[in-house]
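As structure tokens, the structure follows; a few thoughts come after it.
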Amino acid sequence: MEANDIVLWFSIVVAIAVAIWAIFVIRAYDRSDKY
Numbered sequence: 117m118e119a120n121d122i123v124l125w126f127s128i129v130v131a132i133a134v135a136i137w138a139i140f141v142i143r144a145y146d147r148s149d150k151y
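According to the numbering used here, numbering within the sequence shown proceeds without interruption in unit steps and concludes at 151.
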């Protein structure tokens with residue numbers, strides 16, 4: 117693999133992880149707001 121491929125896949129993995137974390141945090145925040 118070339119360095120560019122590694123950077124590309126790393127950025128994709130990080131973006132997915134951040135998206136999942138953001139959804140989890142938003143859901144937890146919404147639950148705390150309702151109650």
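Built from N, CA and C at the ideal position, the CB exists for glycine as well.
Span separating the alpha-carbon of residue i from that of residue j
i	j	result
D149	R143	10 Å
A119	I132	20 Å
L208	V134	A query on residue 208 cannot be resolved here, the shown segment of the chain reaching from 117 to 151 and no further.
D141	R147	Checking the sequence shown, residue 141 turns out to be Val, not Asp. Computed Cα separation, rounded: 10 Å.
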